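Enquirer: Protein chains in written order, with the UniProt record's numbering: chain A, 1 to 329; chain B, 1 to 329; chain C, 1 to 329; chain D, 1 to 329.
There are 4 protein chains.
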Amino acid sequence: MSGGASAEKKFDLIAIGRACIDLNAVEYNRPMEETMTFSKYVGGSPANIAIGGARLGLKAGFIGKIADDQHGRFIRNYMKEAGIDTSQLKVDLEGHKTGLAFTEIKSPEECSILMYRDQAADLYLRPEEVDEEYIKQTGILLVSGTALAQSPSREAVLKAVQLAKRNGVQVVFELDYRPYTWKSTEETAVYYSLVAEQSDIVIGTRDEYDMLENREGGSNEETIRYLFSHRPEIVVIKHGVEGSYAYTRSGGVFRAQAYKTKVLKTFGAGDSYASAFLYAIIRGKDIETALKYGSASASIVVSKHSSSEAMPTVEEIESLMANQPVIHS
Amino acid sequence: MSGGASAEKKFDLIAIGRACIDLNAVEYNRPMEETMTFSKYVGGSPANIAIGGARLGLKAGFIGKIADDQHGRFIRNYMKEAGIDTSQLKVDLEGHKTGLAFTEIKSPEECSILMYRDQAADLYLRPEEVDEEYIKQTGILLVSGTALAQSPSREAVLKAVQLAKRNGVQVVFELDYRPYTWKSTEETAVYYSLVAEQSDIVIGTRDEYDMLENREGGSNEETIRYLFSHRPEIVVIKHGVEGSYAYTRSGGVFRAQAYKTKVLKTFGAGDSYASAFLYAIIRGKDIETALKYGSASASIVVSKHSSSEAMPTVEEIESLMANQPVIHS
Amino acid sequence: MSGGASAEKKFDLIAIGRACIDLNAVEYNRPMEETMTFSKYVGGSPANIAIGGARLGLKAGFIGKIADDQHGRFIRNYMKEAGIDTSQLKVDLEGHKTGLAFTEIKSPEECSILMYRDQAADLYLRPEEVDEEYIKQTGILLVSGTALAQSPSREAVLKAVQLAKRNGVQVVFELDYRPYTWKSTEETAVYYSLVAEQSDIVIGTRDEYDMLENREGGSNEETIRYLFSHRPEIVVIKHGVEGSYAYTRSGGVFRAQAYKTKVLKTFGAGDSYASAFLYAIIRGKDIETALKYGSASASIVVSKHSSSEAMPTVEEIESLMANQPVIHS
Amino acid sequence: MSGGASAEKKFDLIAIGRACIDLNAVEYNRPMEETMTFSKYVGGSPANIAIGGARLGLKAGFIGKIADDQHGRFIRNYMKEAGIDTSQLKVDLEGHKTGLAFTEIKSPEECSILMYRDQAADLYLRPEEVDEEYIKQTGILLVSGTALAQSPSREAVLKAVQLAKRNGVQVVFELDYRPYTWKSTEETAVYYSLVAEQSDIVIGTRDEYDMLENREGGSNEETIRYLFSHRPEIVVIKHGVEGSYAYTRSGGVFRAQAYKTKVLKTFGAGDSYASAFLYAIIRGKDIETALKYGSASASIVVSKHSSSEAMPTVEEIESLMANQPVIHS
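1. Pull up the distance between the alpha-carbon of C/A160 and that of D/F38, whole angstroms please.
2. Under 9 Å, CB to CB, which of the residues in the region 3-37 of chain D have a partner in chain C?
3. Comparing C-alpha positions only, which one of C/Y259, C/D200 and C/R206 sits nearest to C/R231?
4. Looking at the structure shown, is B/S6 part of a helix, part of a strand, or coil, going by DSSP?
5. When we look at the beta-carbon of C/L278 and count the other beta-carbons within 10 Å, is it buried (16 or more) or exposed?
6. Check this for me: beta carbons of D/P127 and A/E186, under 9 Å apart or not?
7. Output needed for B/H239: all residues of its chain with C-beta closer than 8 Å, excluding positions within five of it in sequence on either side, in chain order.
8. So for C/D286, helix, strand or coil by DSSP?
9. Whose C-beta lies closer than 6 Å to the C-beta of B/A5 among residues of the same chain, with five residues either side of it excluded?
10. Confirm, please, whether the CB-CB distance from A/V42 to A/I16 is below 9 Å.
11. Counting only runs of 4+ residues fully inside the region 137-209 of chain A, write out the alpha helix (DSSP H) ranges in chain order.
12. State yes or no: is the beta carbon of C/V202 nearer than 9 Å to at least one beta carbon in chain B?
13. Pull up the distance between the alpha-carbon of A/V202 and that of D/Q119, whole angstroms please.
14. Rounded to whole angstroms, how far is the Cβ of B/M32 from the Cβ of B/E104, which I believe are closer than 8 Å?
15. Could you pull the start and end residues of the beta strand (DSSP E) that C/V236 belongs to?
16. Going straight from the alpha carbon of A/S2 to that of A/I281, what length do you get?
17. Report the residues of the region 68-81 of chain A with a CB closer than 8 Å to any CB of chain B, ordered along the chain.
18. What's the gap between the Cα of C/L56 and the Cα of C/V241?
19. On a CA-only basis, which of A/G44, A/E222 and A/F228 is nearest A/S308? Give me that one, please.
20. Tell me, please, whether the CB atom of A/P152 is closer than 9 Å to any CB atom in chain D?
21. Considering B/K106, what are the terminal residues of the beta strand (DSSP E) in which it resides?
22. Cβ of A/F102 within 9 Å of Cβ of A/I84?
23. Would you mind working out which of A/E288, A/F267 and A/G284 sits nearest A/A310, comparing C-alpha positions?
24. C/Y116 and D/L100 - do their beta-carbons sit closer together than 9 Å?
25. Under 9 Å between the Cβ atoms of B/V235 and B/V195?
26. Would you say C/P325 and C/Y259 are within 9 Å of each other, going by their C-beta atoms?
27. Taking the continuous alpha helix (DSSP H) assigned at D/D53, which residues delimit it?
28. Going straight from the alpha carbon of B/Y209 to that of B/E8, what length do you get?
29. Could you check where the beta strand (DSSP E) with B/K65 kicks off and where it finishes?
30. Determine the closest residue to B/K183 out of C/L93, C/S151 and C/Q137, with distance taken between C-alpha atoms.
31. Using beta-carbon positions only, say whether B/V91 and B/I66 come within less than 9 Å of one another.
32. Would A/K137 count as contacting chain D if we go by Cβ distances under 9 Å?
33. If you draw a straight line from the C-alpha of D/G270 to the C-alpha of D/P312, how long is it?
34. Can you list, in chain order, the residues of the region 144-170 of chain D whose Cβ is nearer than 8 Å to any Cβ on chain A?
35. If I follow the unbroken beta strand (DSSP E) through D/A258, where does it start and stop?
36. Within 9 Å of any Cβ in chain A, is that where the Cβ of B/S308 sits?
Dropping the structure here:
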C-alpha cells in the first residue's frame, strides 16, 4: 500500500455513492417535534468524505446520482465549489427525489436521524453509468456500504469495484451501515462480505464488522483472520470512545485514542475520520499517524453543527493533534 | 342545504385526507438552491381547511394517518392545540413517512413546491379505519381530491363518502388536484367524477373542473349542467384574480371578486377560501356572503408566510371585507 | 326494464373484463399432482358469458385485454369464431401474461382451481381504452366483479359504467367474486357496492352479496332493501342447489329450482346461468322463465368438461327445461 | 480438479436454483395457438441437471423453493422418486407460484417457450434458507445463472457460493442465461462475472460468455485469458452444432463434436450436456471423454419429447458414443 501510486493520476480519490441533503435542527437540545427551523447542508457519507478530502487538499471526484430539482442542483453547486469533480454526478430523469436526513439533537448522547430514503435518487445510479476511463484516473476508489443496499446502485458499485481491481486502483470500503435501506441482515452480510473480500482497505465500527460477518459479538482477531485470507491489506476497526485500531496484513497492530472535545452531536464523526485517515495514507504518512489524523478530524466535526460544512483543514487537524489531550480508556 | 343541520351534532366539519409538513423558505424571493433555512408548518389541504375552520370557531375533526415519528407527532400536537379532534388521526405502523412540501418563493408570481409524496403516510389510511359512528357525528364531511390518488386512501375516502350519504351527512368535495400523485388524467377523471356526482357541494378552480370532466377548455355552463344532473346542490368555480362563482341547483348564480392585497405567495389560498366559505354556510349566511368570506380569507393568507399558521379569525376576515377594495376585472 | 331496448342496436350485450386460459385436467377424479395432461380452453367469467350469449344467438361484443403471445391469439381466434366482436380486445404491449386457471377435479364435490393471476394482462385494460362510441351501441353492458380488483382495469370498468349510464345502456353486474385478486374484503365491499348501486341488474350468490355488503350472514330482504334504494331494477340471488331468487323493484319475487343433472364439476355454472338468464330477458321473456333458462343452462355446463366450449344452444336449454325434473329442496 | 474429492461425501452434486413445470405441446409441428393439449414435466435447468445426474447414478441434492400448491408438490414427488434429496427444497408461504414453460415446437429449428416467470416461487429462496452444513456435504455445488436474476434468490446463491469456497466445495457455474428474468445486460454481466470469477468450472455457450463479458463477438481466447486470471480451472464453451471446447488452466484445449441425431426440439440439450459432463468428471474420466459424454447425452434428449423425463442412463450414453457418427464441421 503506497500513497505514491496516485501521484501521477488525475484524482487521489473518487468516492461513489450517495450525496443527499441534511436538514439540521437550528434549535437543538430538544426533541425534533419542538424544532421549528432547519438548516440545509450537503450530506451522505461518501459525499462528506469527498468534501472532507477536498478540504484537506486531495484531488477528489464523485460518482453518484442526484435528483433533477433544487436540492439536486444545490448538491452539485456545493460540491463544485468544494473543488470536487462532478462530471460523473448523473441527473436522475425518472422523478426520484434527493435523500433527506432531518437531524434531532436532544443531547450530545441522544442524537437521532429521521431519514427520507424511499426511492432516493442516489440508489438509482446504474452500472452502465459507471465509466472505466474515469475510474482509471484515480489512486483510490472509496465505496460506501449504503450504496450496496438496493439495485441498481448496488450493481453500479459492484461494477466500479471490478473496474478498479482490473485497473490497479485501490478499493477502500467504508462500511457505513444504515439499517433502514436494507431488507435483512442476511442480505447485508452477503454484499458486505463480497465487497470487503475484494477491497484493499476496510474501515468500520466493531458493530459494522459484526454485520459483515453475520454474527454478534465478534472479535477483531476473527475479523482480520477472515479478511486477510482475502484481498485486504489494512483493516481499521473503530471502538467509539475507546479509540480505533488498524491492522495490517503483515501483522502490524496500531491504536489511536480519541481526542477530548466538547461534543455537540455524533453525526459526521465517521466521515471526517475516513477522509483524514485516507489523506494521511495518500500523503505517505505511516498508519499510526494516519489513525491520529482520523481521530483528530472526527473530534473537530462532532463539536460543530454540520457534517460537510464542518470538515477541517490540515492546519486545524494538526493543531489539534499538537495541543489536545486524548481520552484514556 | 341548511347550516342548521349540524347544530346538534358534535362536529360542524370533519375533514378527511392528508396532513403533512410544509418546509417554507425562510430566505425567499430567490431560487430554493440559495435558501439555506426552512421553517416547519403543518400543511396539506384538508388539514389546512380543518385548521382554518377551527380558527373561525367551527367544531372540527380530522380523519387521516400520520407517520410514527417526530413529524407525525408534531402534526398531532399542532392540530390538537388548534382545537381539532384528532381521535381519528391514525398512526402508520408500516414505516411510511410524512409527506413534505418545500416551498420555493422566487417572486409572488413564481412559486413552486418541491414535493416528497412517495409512499406518504396519509395515503395509507385504510377503509377499515374509517368509522361510521364518527362520521355520523358531523354536519359536513370535507373530502380532498388528493386523498383519492392512491390505494388504500382512495378506498377509505370512497367508503367515507358512502357512509356520509347513508347517514345524511353533507359531502363537500374540494378538488385539490395535485398532478404528482396521480398516474394519468384518465384515472383522475374517473374518481373525481365519481365523488363529485355523490357530493352536495363541489369547490374547485376552472382547471380542476376540466380535469374532472376529462376535457380542455370546458365552460361553467357545461359543468353545472353535468353536476346538477347528479347530487350536487352548490358548485363553486374559482377563476383566480377574476374572482369566483357559485351556482345553485335552483338556478342561482353568484360571483365574488378577489380583494386587493400584497401577495407574498400563492400557497394556501384555496384552503383558506374553502374554510371561510364553509364557515359562512354553516353559520347560515347566504351564498353571496359566503363567497366574500372565502375571498377575504384567501387574500389574508396569500400575504403571509405560511398556510396553516396564517389562517385568519372571523374578526380579521370581516374587517378586511369591510375595508378592503376588490379587484375589478 | 325492456328487452326491446336493444333491438335496433348493433349489440345485445357487451361484456367487459377478463378472457383467460383454462387448463382442464384430462385425467380427473384425482388430485392435480397426478394429472399429467391438460386441455386448453378459453375461460374467465365475462368471456364465458359472451361466448354463452353468442352460442344462444345474441349479438355480443367484448372489451378486454389479452397478452401479445400464443395464448392471447388463441383467445381472439376462439372468440371470433364464436361470433363475438373482438374489435375492442386490446393487446397488452408491456409483457403481461394471460391469466391461467388449472382446474383440479377430485370429485364432483371437490373441485379447485390453481390460479395464475399475478399481473394478468386483462387487469391492465386502461380507462383511455374504453370507447364511448362502442358502449353506445349495446343494449346491455355486462360487468364482471373481478375486473374491479386492480388498477387500471378497475378504472376502465368504472368509466365504462359511467359511459353506459350516460348513454342509456343497461348495466348488468355479475359479482363473480374471486378472493385471490383482492387485497381485503373492505376494499372489495367499497367497489362492489359502488358499482352495484349504479347497476340495473345485479346477479350473484348469497355469499357474494355478503361480500358486497361487508357483512356475514346477510338476508335477501336486507340486500334488496339496500339495493332498491339505489338504481337496480332486478336483483338475482343464487343459493346453490336450493335454487335462485329474482327480486324486482316493483315488489316481484321469483324462484327457480335447479335441474337434476349428473355433475362432473362446478366450474362454469355461474357464467352459463348468467348468459341464459340475460338471453331470456333480452328476448322479452318474463323473469320467472328467465330464471329457468339460467338454471337449465347451468345444469348442462356442470355435466361437461369445459366451461366455454360446453355453453349450450337454445334448443339444448329448452329441451332440458321440457324434460328434466328439478331438485326439490 | 479431482473427482475423488467427493468420494466420501454424502452428495456428489448439489444443484441450487429453480425447479419448475414444463407444459409441452402434445400436438407439435404447429403453432401453439393450435395446440390443444399439454403434458406436464418437471423443468428448470438446475432441476434437470440434478435429475440427469441422478439418472446416471450420482448422489444428488437440491436447494430451491417451490410453491405451496399442486405443482409444487408434483415437483417434490418427482425429484424424490428420481432419487434426489429434497430436504432443502423449501416451500414458499407467501403465495408465489411455480414457474411455467409452455413449449412450442413448430419445427426442429423453430422452437420457442412461453414463460410464466413473474414472481416465480424459486426466485424467493432467501439467503437464510441456505445451510452451510448441507453444502459441506457435497463435492460439487452446481449454480444456475438464472437464480442470480432477482433478489432474494440472487443473495441465496451468492451466499451458497461463499459457503462452498469456505468449505472446499467445487463450484460449477452453468450460465443458463434467460433474458426474460433480467433487467438489463449490464446487470447480468455484473453478477455473471462475479460468480464466474469465483467458480472452479464454468459451462456455457459462446453467446452466454459474451453476456458475461458484456461484449459482442468475443473470442474463446479472451474469455479464458480473463477467467484463468481468477479461480476457474476448467472453462467449457459450447458452439452449437460445431461442437464444444473445454479449456484447462494448465493450457489444455479439448474439443468434442456433436453426434448425429434426429432432432425433435432443442430444449434440454444444455442441461443433459451438463449432467453427463459432470458425471464423467466426478467418475474421474478425462476431460476429452467428459465432453463426449456431454455431447452424447444432449443428442439423446433433443430427440425426445421432454427434458427431465428424457434424461438418459449411462448405458444409453455409452451405447450412443460407441455407435453414432459425429457431425463433422
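Where a beta carbon is used, it is the ideal one built from N, C-alpha and C, also for glycine. All values derive from a computational prediction rather than experimental measurement.
Expert: In short:
1. 37 Å
2. L23, V26, P31, M32, E33, E34, T35, M36 and T37
3. C/D200
4. With a pLDDT of 45 at B/S6, under the threshold of 50, the modelled position of that residue is not reliable, and no figure is offered here.
5. buried
6. Between D/P127 and A/E186, the C-beta spacing is below 9 Å.
7. T205, R206 and Y245
8. coil
9. Since pLDDT at B/A5 reaches only 47, below the 50 mark, its modelled position is unreliable, and the value read off the structure follows with that caveat. Hits under 6 Å: G139.
10. In this structure, A/I16 sits away from A/V42, with a CB-CB distance that is not shorter than 9 Å.
11. 153-166 and 185-197
12. no
13. 36 Å
14. 4 Å
15. I234 to K238
16. Here A/S2 scores only 43 on pLDDT, less than 50, and its place in the model is too uncertain to base an answer on.
17. So the close ones are D69, Q70, H71, R73, F74 and N77.
18. 24 Å
19. A/G44
20. yes
21. L100 to S107
22. no
23. Comparing Cα positions, the closest option is A/F267.
24. yes
25. no
26. One thing to note: C/P325 has its Cβ within 9 Å of the Cβ of C/Y259.
27. Per the sequence shown, the amino acid found at residue 53 of chain D is Gly instead of Asp. Taken as a continuous stretch (DSSP letters only), the alpha helix (DSSP H) holding D/G53 covers S45 to R55.
28. 34 Å
29. A60 to I66
30. C/S151
31. yes
32. According to the sequence provided, residue 137 of chain A is Gln. The question's Lys does not apply to it. No, A/Q137 lies away from the interface with chain D (no Cβ there is under 9 Å from its Cβ).
33. 13 Å
34. S151, P152, E155, L158, K159 and Q162
35. Element bounds for D/A258: n/a, residue is neither H nor E.
36. Output row for B/S308: interface = no.
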